[in-house]
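Enquirer: I have a structure here, written as structure tokens, and I will follow up with some questions on it.
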Amino acid sequence: MNVFEKQKLAQQNQIFDYYPPKKKYIGAVSIPHSGEVIPEEFKEYLIDDIKALCQDVDTAVHKLIDIEQLNDVGIAVIKANIHRVCVDLNRPKETAALNWQKNSHGIEIVKKELDEKTRAFLTQKYYAPYYEMLKALINELQRAHKRPSFIDLHSMPSSPTEYHLKINPNQEMDRPDFCVSDIEGKSCEKEFINFVCEKLSAHYSKVYQNNPYFGGHVTRHVDATFPDTNNIQIEIKRGIYLDEPKRTVDESLVNKLRPALTTSLIETFQRFA
Numbered sequence: 516m517n518v519f520e521k522q523k524l525a526q527q528n529q530i531f532d533y534y535p536p537k538k539k540y541i542g543a544v545s546i547p548h549s550g551e552v553i554p555e556e557f558k559e560y561l562i563d564d565i566k567a568l569c570q571d572v573d574t575a576v577h578k579l580i581d582i583e584q585l586n587d588v589g590i591a592v593i594k595a596n597i598h599r600v601c602v603d604l605n606r607p608k609e610t611a612a613l614n615w616q617k618n619s620h621g622i623e624i625v626k627k628e629l630d631e632k633t634r635a636f637l638t639q640k641y642y643a644p645y646y647e648m649l650k651a652l653i654n655e656l657q658r659a660h661k662r663p664s665f666i667d668l669h670s671m672p673s674s675p676t677e678y679h680l681k682i683n684p685n686q687e688m689d690r691p692d693f694c695v696s697d698i699e700g701k702s703c704e705k706e707f708i709n710f711v712c713e714k715l716s717a718h719y720s721k722v723y724q725n726n727p728y729f730g731g732h733v734t735r736h737v738d739a740t741f742p743d744t745n746n747i748q749i750e751i752k753r754g755i756y757l758d759e760p761k762r763t764v765d766e767s768l769v770n771k772l773r774p775a776l777t778t779s780l781i782e783t784f785q786r787f788a
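Residue numbers (my numbering): 516 to 788.
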């Protein structure tokens, strides 16, 4: 699948936007959780409470990087538009549709279950194209690079809820500014994750590895499918760019974060190209 075919795929499937590299292709960034589009097919299954539905959205993560600058140096970006309460792209295919019965604050958000035929249809329509695109992007990287570089970008609540503590009871209540994960040393060279953390640490004081997260389904899928890839997940603490209760972006914080994160990504992809 060449660049023009990938652009056509992006246009046909509005679950994501694709921003292609403008020069020699050196890496890819995925943003699967910042979308807020709820297709009509899902509305009968979900409660009518936008605040509860958006509790776990990675709000505005795509605005925390300079996508044009990344494209200019050869980095592709794919950004999901589909809301994660409809189809969670960072979960296994079998459970992705209406994965969240309750949000992370314990509020029930699904009012009606999918039958299996509808689940299969919606999964194929809204989940499969994103993974087809990831496969195409990394396949193309493999043709030019012995060890491709791939980063899955997310944000996390500043403090864990009961939901998060059940998954990882050992985490701090005041989370780090960044959590960089490689499935506890499995999905990339040690030098790769150390380099990313070093670059981020030049701007923010708390940068942890595999704490509180270890790497989600996207990272694990890429590792299983393309085991020779330098492949990590980065979680950004929402408090360093958002007014969390209001889910509004603090531009003064973003003006610090965006250049720091963009530069860190560029330097990492260039170093390991």
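Glycine included, each C-beta is placed from N, C-alpha and C at the ideal position.
#1: Tell me the rounded alpha-carbon separation between P644 and N586.
#2: Which of helix, strand or coil does DSSP assign to F693?
#3: Using DSSP with H/G/I as helix, E/B as strand and the rest coil, what is I781?
#4: Buried or exposed for S720, going by 16 or more other Cβ atoms inside 10 Å?
#5: Using the rule of at least 16 other Cβ atoms within 10 Å of the residue's Cβ for burial, across every protein chain shown, is V695 buried or exposed?
#6: Answer with buried or exposed for Q792, where buried requires no fewer than 16 other C-beta atoms within 10 angstroms of its C-beta.
#7: Just list the alpha helix (DSSP H) runs in the segment 599-661, keeping only unbroken ones of 4 residues or longer that don't cross its boundaries, in chain order.
#8: Span of the beta strand (DSSP E) holding E759?
#9: In chain order, what residues of the same chain lie with their CB nearer than 8 Å to the CB of Q584, ignoring the 5 residues before and after it?
#10: So, I597 versus I530, is the Cβ gap smaller than 9 Å?
#11: What would DSSP say about K594, mapped onto helix, strand or coil?
#12: Between which two residues does the beta strand (DSSP E) containing F665 stretch?
#13: Taking the alpha helix (DSSP H) that V552 falls in, what are its first and last residues?
#14: Where DSSP assigns a beta bridge to Y533, which residues make up the other side?
#15: Looking at C-alpha atoms only, which residue of S664, A611, P672, A651 is the closest neighbour of F710?
#16: Compute the Euclidean distance between the alpha carbons of T610 and I562, then round it to the nearest angstrom.
#17: Where H548 and I541 are concerned, what is the direct C-alpha to C-alpha distance, given to the nearest angstrom?
Expert: Put simply:
#1: By 1-based counting over the sequence shown, the position of residue 644 is 129. By 1-based counting over the sequence shown, the position of residue 586 is 71. When rounded, the distance between both Cα atoms is 21 Å.
#2: Position 178 of the sequence shown, counted from the first residue, corresponds to residue 693. If DSSP states are grouped into helix, strand and coil, F693 belongs with the strands.
#3: Your numbering for residue 781 matches position 266 in the sequence shown. Three-state DSSP puts I781 in a helix.
#4: Stepping through the sequence shown from its first residue, residue 720 is reached at position 205. Exposed.
#5: Within the sequence shown, the letter at position 180 stands for residue 695. Counting of Cβ neighbours within 10 angstroms places V695 among the buried residues, the total reaching 16 or more.
#6: In the structure as shown, the chain begins at 516 and stops at 788. Residue 792 is therefore absent and cannot be evaluated.
#7: For the segment 599-661, whole alpha helix (DSSP H) runs of length 4 or above, ordered along the chain, are 631-641, 643-659.
#8: Along the sequence shown, read from residue 1 onward, the residue named residue 759 stands at position 244. E759 -> no beta strand (DSSP E), and no H or E assigned at all.
#9: Here residue 584 refers to the residue found at position 69 when the sequence shown is read from its first residue. Closer than 8 Å at Cβ, skipping near neighbours: T777, I781.
#10: Here residue 597 refers to the residue found at position 82 when the sequence shown is read from its first residue. Here residue 530 refers to the residue found at position 15 when the sequence shown is read from its first residue. For I597 and I530, yes; Cβs fall inside 9 Å.
#11: Taking the sequence shown and counting its residues from 1, one reaches residue 594 at position 79. Here K594 sits in strand by DSSP.
#12: For the purposes of this step, residue 665 is taken as residue 150 along the sequence shown, with counting starting at 1. Judged by DSSP secondary structure, F665 falls within the beta strand (DSSP E) whose first and last residues are 664-671.
#13: Position 37 of the sequence shown, counted from the first residue, corresponds to residue 552. For V552, no alpha helix (DSSP H) encloses it, and the DSSP letter there is neither H nor E.
#14: On the sequence shown, position 18 is the one that residue 533 refers to. Looking at the DSSP assignment, Y533 forms a beta bridge with I593.
#15: For the purposes of this step, residue 710 is taken as residue 195 along the sequence shown, with counting starting at 1. Distances from the alpha-carbon of F710 to those of S664, A611, P672, A651 put S664 closest.
#16: Here the question's residue 610 lines up with position 95 in the sequence shown. Here the question's residue 562 lines up with position 47 in the sequence shown. Spanning the two alpha carbons is a distance of roughly 19 Å.
#17: Indexing the sequence shown from 1 puts residue 548 at position 33. Indexing the sequence shown from 1 puts residue 541 at position 26. If I take the Cα positions, the gap works out to 23 Å.
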